[in-house]
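Engineer: In our numbering, the protein residues as written are -3 to 504.
One structure, pasted below without further comment.
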Amino acid sequence: MDPRRRLLQLSAVACATLGLLVSGCTDVGTASAASSSPSAEELEPYYGQRLSWRACGVPGFECTTMRAPLDYADPDGEQIKLAVSRVKATGPGKRIGSLLVNPGGPGGSAVGYLQQYAGLGYPAPVRARYDMVAVDPRGVARSEPVECLSGPQMDAYTQTDQTPDDAREADRLTAAFKDFAAGCETRSSRVLPHVSTVEAARDMDILRAVLGDRRLNYVGASYGTFLGATYAELFPDRSGRLVLDGAMDPSLPADELNRDQTAGFETAFRAFAKDCAAQSDCPLGNGTPAEASTRLRTFFAELDRHPVPTGEARPLGESLATTGVLAAMYDEAAWPQLREALTQAMRGEGAALLALADSYYERDPDGSYSNLMYANAAVNCLDQPPAYRTPEAVAKAAPSFEKASPVFGKGLAWASLSCAYWPVKATGSAHRITAEGAPPIVVVGTTRDPATPYKWARSLASQLSSGTLLTYDGDGHTAYGRGSDCVDTAINTYLLEGAAPTPGKRCT
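If you want it as structure tokens, here you go:
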């Protein structure tokens, strides 16, 4: 098996908060629902369109293209085409409607997620009674994707030192952020101002209507929880059964989100380190998590000075190694692979750890990349102003990040600077989402989630006027479909019967 493909499902499901590290935009962002609201008459050509379905991809799946306004402030202007896919309800039982799914990101392909996992892997009772549907959000994958860099340029970008030790290295990092942003503007100027979460949520309502559904039923993971909550805020009376798994907190400004996320990765790393210490092959020793942290930091520092070979033109330096480690934090099933990769890297063979990083970046063996990281930056930088605007501001904030995570803090602090150079001004801002008038919404939080800390799920559930929190006491990113019968049963019951879990329900 090609080791680059071993984390394919992890990449598809968890997608992108790590991508924020790579793209340098660690704020997971929020967008204001107070953007221009066109009238029903202006949008009638879109809500009244008919979809022309065709067979595609995996047998049993259908695909089509949906039209939406490029700019909702100008519905009569240019249009954008969005890729949609579905697999029809299998039966038995009466069809409930459509169930829209989104794997997160921003930047994750919902169509790819549907065809590779959800459309065939969701629980059979759910697939029996719902048409499983996905739309790639604007700027993502098949929906007029944002493009920024060539493969070789992205290779160079991912190797840029994210933990500068002096002014010269800081200048190199800021230059890389500027070049990335300039590449996006050059290659994607038409769509770049119009890929916000609010616009994507409005697109979902058009899709709901053309599918013939009175209400939107939806399962969103990670960033997909913010997309779903934004939909509920815009269209509470059209919201149906919404599951928000691995929830984000839309009320937090970017700097707080970044620090919380940094602490989340530290929590996940400590869980990994504890598990690793109990194994005979642990490359970080059999001591405490703090000792493992020290050993890993020392190893990263060595890679910063002396990258190790990988069998390719790209050696394994600190930045790629950090990405590889963080990628494995999303799913405890990847921990054995990480132990092996770290063992090899510490012996001077970096290929396995590079493979983890490449799988997360969606880099193919031919050197090409998906648009995951480009769309990730484009949406985040539009949804909320940058956490920091100058290298000096980052340097001042870095100690608080390093306190949150001695292993990852410095790199995550500097990664939050890239939106400062974005060519399009942010259109959104942090705010509470209450979605008054929406039916019960299920918010799912995992206690040791690295990318969307559990406290975010608690906060979102408390903000939503009809939010119900379902807690998974476990590791990894998100909870539905990851092995907990308790979680799966609660969500399946909600999707099939409309009965939300008992408030305060906790699963293992």
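All C-beta atoms, glycine included, are put in the ideal place defined by N, C-alpha and C.
What is the rounded straight-line gap between the Cα of L248 and the Cα of G208?
Structural biologist: 35 Å
Engineer: Rounded to whole angstroms, what's the CA-CA distance from Y153 to Q75? Just pull it up for me.
Structural biologist: 32 Å
Engineer: Where do the N-terminal and C-terminal ends of the alpha helix (DSSP H) with Q333 fall, by residue?
Structural biologist: Segment 331 to 342, the alpha helix (DSSP H) holding Q333.
Engineer: What does the Cβ neighbour count give for V54, buried or exposed, with the cut at 16 atoms within 10 Å?
Structural biologist: exposed
Engineer: Where DSSP assigns a beta bridge to F268, which residues make up the other side?
Structural biologist: Paired residue(s): none; F268 is not in a bridge.
Engineer: Can you name the start and end residues of the beta strand (DSSP E) that Q75 belongs to?
Structural biologist: 75 to 83
Engineer: Which of the three DSSP states is assigned to R507 in this structure?
Structural biologist: The question about residue 507 has no answer here: the residues shown for the chain are numbered -3 through 504.
Engineer: Take S461 and list the residues in its own chain whose beta-carbon comes closer than 8 Å to its own, dropping the five residues that flank it on each side.
Structural biologist: Annotation for S461: T430, A431, E432, G433, A434 place their beta carbon closer than 8 Å to its own, counting only its chain and skipping 5 residues before and after.
Engineer: Between R478 and the rest of its own chain, which residues show a CB-CB distance below 7 Å, the 5 nearest in sequence each way excluded?
Structural biologist: G472
Engineer: Let me make sure I understand the geometry here. Which of A411, L95, A297, P119 has the alpha-carbon closest to that of A250?
Structural biologist: Of A411, L95, A297, P119, the residue nearest in Cα terms is A411.
Engineer: Which runs of the alpha helix (DSSP H), 4 residues or longer, sit entirely within the region 126 to 181?
Structural biologist: Contiguous alpha helix (DSSP H) elements confined to the region 126 to 181 occur at 147 to 154, taking only those with 4 or more residues.
Engineer: Return the CA-CA distance between A347 and N254, expressed in angstroms with no decimal places.
Structural biologist: Between A347 and N254, the C-alpha separation is close to 30 Å.
Engineer: Residue range of the beta strand (DSSP E) that A96 falls in?
Structural biologist: Looking at the sequence provided, one finds Leu at residue 96 rather than Ala. First-last of the beta strand (DSSP E) with L96: 93 to 98.
Engineer: Between the Cα of D157 and the Cα atoms of D167, A114, A373, which residue gives the shortest distance?
Structural biologist: Answer by Cα proximity: D167.
Engineer: Counting C-beta neighbours from all protein chains within 10 Å, is the total for R91 16 or more, i.e. buried, or is it exposed?
Structural biologist: exposed
Engineer: Per DSSP, what kind of secondary structure is T489 in: helix, strand or coil?
Structural biologist: Secondary structure at T489: helix, using DSSP grouped into helix, strand and coil.
Engineer: Alpha carbon to alpha carbon, how far is P279 from L238? Give it in angstroms, no decimals.
Structural biologist: 42 Å
Engineer: Buried or exposed, going by whether 16 or more other CB atoms sit within 10 Å of the CB of A163?
Structural biologist: A163 is classed as exposed because its beta carbon has fewer than 16 other beta carbons within 10 Å across all chains shown.
Engineer: Consult DSSP for R502 and reduce its assignment to one of helix, strand or coil.
Structural biologist: Under the three-state reduction of DSSP, R502 is assigned to strand.
Engineer: Which whole runs of the alpha helix (DSSP H) in the region 285 to 321 are 4 residues long or more, in chain order?
Structural biologist: 285 to 301
Engineer: So for E58, helix, strand or coil by DSSP?
Structural biologist: strand
Engineer: Quick check on N213: does DSSP put it in helix, strand or coil?
Structural biologist: strand
Engineer: For G287, which residues from the same chain have a beta carbon less than 7 Å from its beta carbon, with the 5 sequence-adjacent residues on both sides left out?
Structural biologist: Note that residue 287 corresponds to Glu in the displayed sequence, not to Gly. Cβ within range, chain order: G281.
Engineer: Could you pull the DSSP bridge partners for Y227 from this structure?
Structural biologist: For Y227, no pairing in a beta bridge is given by DSSP.
Engineer: If you run the structure through DSSP and keep just helix, strand and coil, what is S185?
Structural biologist: In the structure shown, S185 sits in coil (DSSP, three-state: anything other than H, G, I, E or B).
Engineer: By a C-beta neighbour count over all protein chains shown, 10 Å radius and 16 as the cutoff for buried, is K406 buried or exposed?
Structural biologist: buried
Engineer: Below 8 Å, how does it come out for the region 350 to 368 and the region 114 to 129: are there three or more Cβ pairs, yes or no?
Structural biologist: no
Engineer: Check whether the Cβ atoms of P285 and A274 sit closer than 7 Å, and answer yes or no.
Structural biologist: Not a contact, by the Cβ cut-off of 7 Å.
Engineer: When the Cα atoms are used, what is the spatial distance from R198 to W331?
Structural biologist: 39 Å
Engineer: For P382 and L338, what's the separation of their Cα atoms in angstroms?
Structural biologist: The C-alpha of L338 is placed about 33 Å away from the C-alpha of P382.
Engineer: Which same chain residues, not among the five before or five after S289, have their C-beta less than 6 Å away from its C-beta?
Structural biologist: Non-local C-beta neighbours of S289 in its own chain, meaning closer than 6 Å and more than five positions away in sequence, comprise P402, V403, ordered along the chain.
Engineer: Going by the beta-carbon positions, is the gap between A106 and V142 smaller than 7 Å?
Structural biologist: no
Engineer: What residues are listed by DSSP as bridge partners for P65?
Structural biologist: Q75
Engineer: So what's D233 in DSSP terms, helix, strand or just coil?
Structural biologist: helix
Engineer: Apart from the five residues just before and just after M342, which ones in its own chain have a Cβ nearer than 8 Å to its Cβ?
Structural biologist: Answer for M342: P279, F295, listed in chain order.
Engineer: I'd like to know if the region 409 to 423 and the region 217 to 236 are in contact, where contact means that at least 3 CB-CB pairs between them fall below 8 Å.
Structural biologist: no
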